[in-house]
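Step one of this worksheet: look at the structure below.
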Amino acid sequence: MARTSTLEQATATTAVQAMPESGPAAISRRTFLTVSAAAGGGLLLGFTLPQLAKANGAAAAPLNAFVRIARDGIVTIIAKSPEVGQGVKNMLPMLIAEELDVAWKNVRIEQAKLDPVYGPQFAGGSFSTPMHWDSLRRVGAAGRHMLVTAAAQTWGVPAEECETSEGVVRHKGSGKTLTYGELAAKAARLKAPDPNSLKLKDPKDYKIIGQPLPGVDNPLIVEGKPLFGIDVKVPGMRHAVFQKSPVVGSRIVSANIDEIKALPGVRNAFIVRGADDNGLPDGMSVTVLEGVAIVADSWWVAERARQKLKIEWAENPIATQSSKSFAEQAERLSKEAPTKVVRKDGDVDAALGRAAKTVEAAYAYPFLSHATLEPQNCTAHYKNGKVEIWAPTQMPDRGRALVASTLGIKPEDVTIHLIRCGGGFGRRLANDYMVEAAVISKMQGEPVKLVWNRTDDMRHDMYRPAGFHYFKAGLDADGKLIAFRDHFVTFGEGDKVASSAEITENEFPARFVDNLEIGMSLIPLGIPTGPLRAPGSNGLAFAFGSFMDELAHAAGKDPLEFLLEVFGEPRVLEAPPPAFGMRMPPFDVGRARGVLELVREKSGWGQRQLPKGTGMGVAFYYSHMGYFAEVVQVTAGPQGIKLDKIWVAGDVGSQIINPSMAKNQCEGAALDGIGECFQEITIEGGSVVQSNLHEYPLLRMNQAPPVEVHFRLSDAPPTGLGEPALPPAIPALCNAIFAATGQRVRKLPIKLTDFRIT
Amino acid sequence: MAAFTITVNGEKRTVDVDGEMPLLWVLRDELDLKGTKFGCGIAQCGACTVHINGTPVRSCVTPIAAVGEAEVTTIEGIGADPVGKKVQEAWLELDVPQCGYCQAGQIMSATALLSKNAQPNDKDIDNAMSGNICRCATYTRIRAAIKQAAGLPTADSREV
Chain B
367 MARTSTLEQA
377 TATTAVQAMP
387 ESGPAAISRR
397 TFLTVSAAAG
407 GGLLLGFTLP
417 QLAKANGAAA
427 APLNAFVRIA
437 RDGIVTIIAK
447 SPEVGQGVKN
457 MLPMLIAEEL
467 DVAWKNVRIE
477 QAKLDPVYGP
487 QFAGGSFSTP
497 MHWDSLRRVG
507 AAGRHMLVTA
517 AAQTWGVPAE
527 ECETSEGVVR
537 HKGSGKTLTY
547 GELAAKAARL
557 KAPDPNSLKL
567 KDPKDYKIIG
577 QPLPGVDNPL
587 IVEGKPLFGI
597 DVKVPGMRHA
607 VFQKSPVVGS
617 RIVSANIDEI
627 KALPGVRNAF
637 IVRGADDNGL
647 PDGMSVTVLE
657 GVAIVADSWW
667 VAERARQKLK
677 IEWAENPIAT
687 QSSKSFAEQA
697 ERLSKEAPTK
707 VVRKDGDVDA
717 ALGRAAKTVE
727 AAYAYPFLSH
737 ATLEPQNCTA
747 HYKNGKVEIW
757 APTQMPDRGR
767 ALVASTLGIK
777 PEDVTIHLIR
787 CGGGFGRRLA
797 NDYMVEAAVI
807 SKMQGEPVKL
817 VWNRTDDMRH
827 DMYRPAGFHY
837 FKAGLDADGK
847 LIAFRDHFVT
857 FGEGDKVASS
867 AEITENEFPA
877 RFVDNLEIGM
887 SLIPLGIPTG
897 PLRAPGSNGL
907 AFAFGSFMDE
917 LAHAAGKDPL
927 EFLLEVFGEP
937 RVLEAPPPAF
947 GMRMPPFDVG
957 RARGVLELVR
967 EKSGWGQRQL
977 PKGTGMGVAF
987 YYSHMGYFAE
997 VVQVTAGPQG
1007 IKLDKIWVAG
1017 DVGSQIINPS
1027 MAKNQCEGAA
1037 LDGIGECFQE
1047 ITIEGGSVVQ
1057 SNLHEYPLLR
1067 MNQAPPVEVH
1077 FRLSDAPPTG
1087 LGEPALPPAI
1097 PALCNAIFAA
1107 TGQRVRKLPI
1117 KLTDFRIT
Chain D
112 MAAFTITVNG
122 EKRTVDVDGE
132 MPLLWVLRDE
142 LDLKGTKFGC
152 GIAQCGACTV
162 HINGTPVRSC
172 VTPIAAVGEA
182 EVTTIEGIGA
192 DPVGKKVQEA
202 WLELDVPQCG
212 YCQAGQIMSA
222 TALLSKNAQP
232 NDKDIDNAMS
242 GNICRCATYT
252 RIRAAIKQAA
262 GLPTADSREV
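Residue numbers (our numbering), protein chains in the order written: chain B, 367 to 1124; chain D, 112 to 271.
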């Protein structure tokens, strides 16, 4: 269950550089601090990762810094990672500010651009918290140490006699004080301490960590100030649209370029040839697919001209692919032995043979689109072999590599500004739109802002792969789960599984059933796939979480009790092996039980008399190092299903860093999971059928039930919240529908109007 | 191309564009008012919501030629309206946004609701707000912030 998701694999290139041997905690051991005097007498405090700096040929002492203290005491803290709505622009600076011991009201936050001095800069895998919890607090503590040392030297007293509070150093004996602003210049001349020698605060003394601090960009958001990628404006900029083939990756036979060029307001139109190695079908690697670019002085003029565009596309072998044929192939493969054994424990056939009861079920879920509300876009300015890019991206480093290789320039000649993303959900871990903008700017010879329309966005996504699960399980006479088998039919070719279509050997209930097999078979796919929020987990949770509920009912047991029974006594399992240089924490059964107990208590599970037609469903899922149990209550009536409420119980360690965003993320993730239950991308003739939001429903206000979020604190270091609350919402809803109606949801999407009772 | 003079946030602005150009793109690319957002282009998501004479409309499907003498209010100007100001403040107090991309449209729809109905119930909120998608699903907080701006208790009264 401690999964290595596709997202983690995708981030591996970045992560491995920074953490060659071990996991989240490793960063601080490799961290050394550098200080320098800021212009105007302030203190610049930075930290860098020596190996990374060397690898990138950067100087050891970076000019970039995480912390800048001005004479007036205003502290500027750099937000290193991309902000996609997960709140890291607040959360990461909060870690520094806490240990630096400054007042949050005196903190100003600046967004970093892509620069190796900051270490890994990506937004994915819910990694920001576990990767930075230790290292960024130490950055703050080192700053405090130097300011205290500077004060002690000024007064000629031992540093131990000094204390700090909200940006002021005080000598306990004399009561003398100096502000950080007054000390900054002197502190900047001191040698930085070894960050690992520093004592961090006792959590009970926290003044910033644990406070519900509102998003730093909120005032700009509510006033509609330019903030997002689509809002970028640079001097001399043109606007571009880019038409690609609906059948992904097709080449152009001919296009009416001259006719388009002659349209009013059109500056230019040209064919962009697709890269020979275009990355397909790995969504994370896609560079340039062939298409026609239209450039104009405003986006709408370019967009309108596109309606006159006529392109003849070359034949494409993937035009034979369809959702219907995938389902038929899955059905056929399910009758054969899996081509790959993921896990095999005990003897499943023998255990099934002696089982008192066996249960068999097939589950299926569709492709999904990310549908970030801000469509993909990027502004690029190519000039003299260098390119400057303004991009809403979750993984700028990878974007830089793809741009450099596509344009044939050096990575250091690609400058990337990290612009706030209007949603990410994993879509912007791919950088295809960034590469397109760079190529179009180069061909146009001017700065260009490329904005996709919604149809581009929906038909050129890196889809959450569909999946098919063929389960069979056995229960003994006491209703104990003694055998479990999943034949997972997914996508890929040969040994290569499509991006985000994997399953690991630890998928629950693996390790909790003596006789268990997980096998895989692969269907070739030409459509690009990639990570969608809680990748892998968002599909697996539906199938496994629902089938476990079926087993509970077959065993005649309360579904929540059944899960507790399968987990057994609290214990810590052996940690899974490090994957891609990341050390993974062990699975703690006590924490899993803890969130199940918590959600039982908060939802009144089994305690409330429910009217006819009302049912509650429960599910547990562990992903991204977070333990989540969720209960959904629904009521079925003559019109179909109405969602009454969701209860979320999560354990992400010892500390909730920013309770406001933490709660917001959990509410949003649970509702996102609910929304996914109604969505489907279908493939016909090698292209995506859905073209816009009228065919791909996103959850709306009137469909969003109340959500209650509760955290259980445990001893483990804090981990991330962008994703783990999503997966269990899906099976919890489906299990609630079963409880209310007796009808089992084995295939997504669902229509709530299909489940009626009178 | 033709010259159109429209009133945006109380100011007369003249643009020389095709009459079919949607108000959204006039605001964003011609008048450099970037607060109104493009999401779908077919009036499905509400990110482009502005007020025309106080009524919320989807500017992505409103041609500039159809605007005429009407008063256009955008997110950049809504704070001049006392109700709009209260809504913005409630959004800040309750820390509503995640990514924030849809919130301009949400605030415009919420302001229009509260201008007509100072004490909306949950059903009223559903009716007024269901044309605005929040992909991050901050619906719990949007609902609470509307109630806060109305001076109502913010707890979810739909509790089971």
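Even for Gly, the Cβ is constructed at its ideal location relative to N, Cα and C.
Small disclaimer: the values here were computed from a predicted structure and weren't measured.
{"Item": "Stretch pair the stretch 1053 to 1069 of chain B + the stretch 465 to 485 of chain B: three plus CB contacts closer than 8 Å", "Value": "no"}
{"Item": "Neighbouring residues, chain B, relative to Lys227(D) (Cβ below 7 Å)", "Value": "Those do not exist, as Lys227(D) stays about 17 Å from chain B at its closest Cβ, beyond 7 Å."}
{"Item": "Length of the line joining the Cα atoms of Gly1051(B) and Ala680(B)", "Value": "14 Å"}
{"Item": "Span separating the alpha-carbon of Asn634(B) from that of Ala489(B)", "Value": "35 Å"}
{"Item": "Interface flag, Gly130(D) vs chain B, CB-CB below 8 Å", "Value": "no"}
{"Item": "Cross-strand partners of Glu996(B) (DSSP beta bridge)", "Value": "Ala985(B) and Val1014(B)"}
{"Item": "Close beta carbons around Asp1120(B), own chain, < 6 Å, minus the five adjacent residues each side", "Value": "none"}
{"Item": "Chain B contact residues for Cys210(D), given Cβ-Cβ distances below 7 Å", "Value": "Val450, Gly451, Cys787, Gly788 and Gly789"}
{"Item": "Residue-chain proximity (Glu182(D), chain B), Cβ-Cβ < 8 Å", "Value": "no"}
{"Item": "Neighbour flag for Phe594(B) against chain D, beta carbons, 8 Å", "Value": "yes"}
{"Item": "Where Met112(D) falls, given that 16 or more other Cβ within 10 Å makes a residue buried", "Value": "exposed"}
{"Item": "Sub-8 Å separation of Tyr729(B) and Arg1112(B) beta-carbons", "Value": "yes"}
{"Item": "Residues near Trp665(B) in its chain [Cβ-Cβ closer than 6 Å; skip 5 each side]", "Value": "His605 and Val817"}
{"Item": "Within chain B, partners of Gln199(D) - CB distance below 8 Å", "Value": "Val588 and Glu589"}
{"Item": "Within chain B, the residues that Arg269(D) reaches when beta carbons sit closer than 9 Å", "Value": "Asp1010, Lys1011, Pro1071 and Pro1072"}
{"Item": "Whole-angstrom distance between Leu906(B) and Val879(B), CA atom to CA atom", "Value": "18 Å"}
{"Item": "Residues that Lys258(D) contacts on chain B, provided the C-beta gap is smaller than 8 Å", "Value": "Within chain B, no residue comes near Lys258(D); the closest Cβ sits about 13 Å away, beyond 8 Å."}
{"Item": "Between the CA atoms of Arg169(D) and Pro813(B) - distance to the nearest angstrom", "Value": "30 Å"}
{"Item": "Local Cβ density within 10 Å of Ala260(D), reported as buried at 16 or more and exposed below that", "Value": "buried"}
{"Item": "Backbone CA spacing between Ala436(B) and Glu476(B) [nearest angstrom]", "Value": "14 Å"}
{"Item": "Bridge partner(s) assigned by DSSP for Val1075(B)", "Value": "Val1014(B)"}
{"Item": "Proximity test, Cβ basis, 8 Å: Gly121(D) and chain B", "Value": "no"}
{"Item": "Leu142(D) - partner residues in DSSP beta bridges", "Value": "The partner list for Leu142(D) (beta bridge, DSSP) is empty, contrary to what the question assumes."}
{"Item": "Beta-ladder partner(s) of Lys599(B), from DSSP", "Value": "Partner(s): none; Lys599(B) has no beta bridge."}
{"Item": "Beta-carbon proximity check, Lys723(B) vs Glu656(B), cutoff 8 Å", "Value": "no"}
{"Item": "Assigned secondary structure, Ile253(D) (DSSP; H/G/I helix, E/B strand, else coil)", "Value": "helix"}
{"Item": "Straight-line gap, Val172(D) to Leu134(D) (C-alpha atoms, nearest Å)", "Value": "8 Å"}
{"Item": "Proximal residues, the stretch 154 to 178 of chain D versus chain B, C-beta separation under 7 Å", "Value": "Gln155, Cys156 and Ala158"}
{"Item": "Nearest to Val708(B) (by Cα), restricted to the options Leu929(B), Ile869(B), Pro561(B) and Ala550(B)", "Value": "Ile869(B)"}
{"Item": "Contiguous beta strand (DSSP E) assignments of at least 3 residues, all confined to the stretch 660 to 689 of chain B", "Value": "677 to 679"}
{"Item": "Complete runs of the beta strand (DSSP E) confined to the stretch 783 to 851 of chain B [at least 3 residues]", "Value": "814 to 817 and 833 to 841"}
{"Item": "Distance between Asn904(B) and Gly165(D) (C-alpha atoms, nearest Å)", "Value": "42 Å"}
{"Item": "Neighbourhood of Thr249(D) by C-beta distance below 7 Å, restricted to the same chain and skipping five residues each side", "Value": "Val207, Pro208 and Gln209"}
{"Item": "Contiguous beta strand (DSSP E) assignments of at least 3 residues, all confined to the stretch 515 to 585 of chain B", "Value": "528 to 531, 534 to 537 and 543 to 545"}
{"Item": "The stretch 458 to 468 of chain B contacting the stretch 503 to 523 of chain B, beta-carbon criterion three pairs below 8 Å", "Value": "yes"}
{"Item": "As assigned by DSSP and simplified to three states, the class of Gln1005(B)", "Value": "coil"}
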